[in-house]
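Trainee: Residue numbers (UniProt numbering): 1 to 548.
Heads up, the beta-carbon is just placed ideally off N, CA and C, and yes, glycines get one too.
1. Once you ignore the five residues that flank residue 303 on each side, which residues in its own chain have a CB closer than 7 Å to its CB?
2. Grouping DSSP H, G and I as helix and E and B as strand, with all else coil, what is residue 61?
3. Of the choices 291, 185, 159 and 205, whose alpha-carbon is the least far from that of residue 258?
4. Taking the straight line between their C-alpha atoms, what separation do you get for residue 180 and residue 289?
5. For the ligand SAH, is there any heavy atom lying closer than 7 Å to the beta carbon of residue 229?
6. Would residue 32 be called buried (16 or more neighbouring beta carbons within 10 Å of its own) or exposed?
7. Where does residue 469 land, buried or exposed, given buried means 16+ other C-beta within 10 angstroms?
8. If we count the other Cβ atoms within 10 Å of its Cβ and call it buried at 16 or more, is residue 92 buried or exposed?
9. Would residue 359 pass as a contact of residue 332 if the rule is Cβ separation under 8 Å?
10. Curious, which full-length alpha helix (DSSP H) runs of at least 4 residues does the UniProt repeat "PPR" (153-187) contain?
11. Please report how far the alpha carbon of residue 483 lies from the alpha carbon of residue 461, in whole angstroms.
12. Are residue 176 and residue 161 touching if we call contact CB-CB under 8 Å?
13. Less than 8 Å between the C-beta atoms of residue 69 and residue 100, yes or no?
14. Between the alpha carbons of residue 361 and residue 299, how many angstroms are there, rounded?
15. Could you tell me if residue 60 is buried or exposed, where buried requires 16 or more neighbouring beta carbons within 10 angstroms of its beta carbon?
16. Alpha carbon to alpha carbon, how far is residue 196 from residue 94? Give it in angstroms, no decimals.
17. Taking the C-alpha atoms as reference points, what is the distance between residue 444 and residue 200?
18. Leaving out five residues before and five after residue 370 in sequence, what residues of the same chain have Cβ atoms less than 7 Å from its Cβ?
19. Helix, strand or coil for residue 357? Go by DSSP, reduced to three states.
20. Given this structure, state the Cα-to-Cα distance separating residue 235 from residue 254, to the nearest angstrom.
21. Residue ranges of each alpha helix (DSSP H) run of no fewer than 4 residues wholly in the UniProt repeat "PPR" (261-295), ordered along the chain?
22. What three-state label does DSSP hand residue 119 in the structure shown?
23. Could you give the first and the last residue of the continuous alpha helix (DSSP H) run that contains residue 44?
24. Could you tell me which of 187, 142, 214 and 408 sits nearest to residue 153, measuring between CA atoms?
25. For residue 101, report the span of its alpha helix (DSSP H) as first-last.
26. Taking buried to mean at least 16 other C-beta atoms within 10 Å of its own C-beta, is residue 393 buried or exposed?
27. Going by the beta-carbon positions, is the gap between residue 345 and residue 311 smaller than 8 Å?
28. Rank 465, 221 and 411 by C-alpha distance to the C-alpha of residue 447 and give the top, closest one.
29. Tell me which residues share the same chain as residue 123 and place their Cβ nearer than 7 Å to its Cβ, disregarding the 5 neighbours each side in the sequence.
30. Does the separation of the CB atoms of residue 167 and residue 128 fall below 8 Å?
31. What number of angstroms, rounded off, separates the C-alpha of residue 184 from the C-alpha of residue 107?
32. For residue 220, report the span of its alpha helix (DSSP H) as first-last.
33. Report back the beta-carbon spacing between residue 130 and residue 97 to the nearest angstrom; my notes put them in contact at under 8 Å.
34. In whole angstroms, give me the CA-to-CA distance for residue 146 and residue 316.
35. Taking the alpha carbon of residue 396 as the point to measure from, which residue in 248, 424, 205 and 378 has its own alpha carbon closest?
36. Mind pulling the alpha helix (DSSP H) runs of 4 or more residues that sit fully within the region 397-443?
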């Protein structure tokens, strides 16, 4: 730009500046070239008494490609106020600016102007309109524009596919991509990235493999190229395989990347966390740090979740320590994840301290705190937290919240309060009880020895009782040494899970409690015959809470 400014000065001193052609070239470079300077272009623009339409368009184009697209719209308005009529070069960049600021209403007014001036069949203007509507979420209007485009080029197809992906219709995006192949329009790398994202959303690995094969056929495969590595396309391929569960293949491709970005790291770490490979997720997180990358919110959410699932307080504290060194430690989603992690790793005190400091508490934060208290045996604190949640008009409890509430009632033996909360789910909040809620109620009634009520509840359940329901009933039988009911429940459980050890352990304990030593021996022999190992842990309902 220094040399260009010197050239500008020379043009002024030699009066060449009055010649529209060199002036336009100078201005165009300042406004639209990557090495240009929009601020300097604006200074030049203000010195021109009568800018040509070319100069107006260059100014609009420059702003539409900048971080300040609003200025493109301001320049467009000023241009019309000064009596200039836009042409087919003007509209694509004005529409691009409307898309960037998501101003659909103003975009529609531009569309009306396009119809009046007869530029609706210009392919670049049509693609700009299509991009406007799909970017602003109006897929119906976008599809109408697409249908009227005189020639469906790769830009039009890509806009439509990208729109379906961004608006939550990945299956439609894949369908449109297949149609694109039938019309013999060759996709570009941007198209392929969008379709791979759609496959990842759908967890559709077979279609993803087909798209990857098209990437290879078209010569775009970044893992086969020795130069010009497309890190965005490579990341999309890895993300697709990772989200579809093909973690080994995704990891192999990831290891081949000559240059890695944070998105690729997050894809791998997030997928490991999603598919239960928590140790691997944490290992990759520490590799990321060693590699000099700065983790972001998505990274920390994944690894905090991994610590919660592993129940590792020490690892969780280590991750929290890393987090405090960044500028995202105040993020609400991060705070909620920390509340959940500390609750699930047994540190209710830290969980509550972080919870109290949250600037905004959403349903996930409240629920994590309630469940954390319930699981650590602090039933009264869980219920008082739920009461405060109900007083907050900005949040509404969900089905997971009520699992924690009912679990707290069960541990405290609060039958009437538990029944009241159970009934209020549907009556007040329109939440249909799931099997977990019935399990909590059966557990509550059985612990209190109300076996007839518990059995009635099981019989009137609109869903088939699972092993958690029968396990809750059997747990009550152990507490109250109800041998007769235990025999019936044992039959039900062994039908559902013949190799389950818990039923035989509990039966053995029940028989021992009433002195039926022959039955104790029989239960243990059955365990030995079926090669069942004796394991100890939380009840089925509590395990569900821990993994929620």
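Mentor: Judging by the given coordinates:
1. 269, 281, 282, 285 and 319
2. helix
3. 291
4. 42 Å
5. With respect to the ligand SAH, the structure offers nothing, as it holds no ligand at all.
6. buried
7. buried
8. buried
9. yes
10. 154-166 and 170-182
11. 24 Å
12. yes
13. yes
14. 21 Å
15. buried
16. 30 Å
17. 42 Å
18. 382, 385, 386, 401, 404 and 405
19. helix
20. 8 Å
21. 262-274 and 278-290
22. coil
23. 38-47
24. 187
25. No alpha helix (DSSP H) contains residue 101, which DSSP labels as neither H nor E.
26. exposed
27. yes
28. 411
29. 149, 150, 151 and 153
30. no
31. 31 Å
32. Note, residue 220: premise wrong, no alpha helix (DSSP H); not H, not E.
33. About 15 Å; that fails the 8 Å criterion.
34. 50 Å
35. 424
36. 399-412 and 415-429
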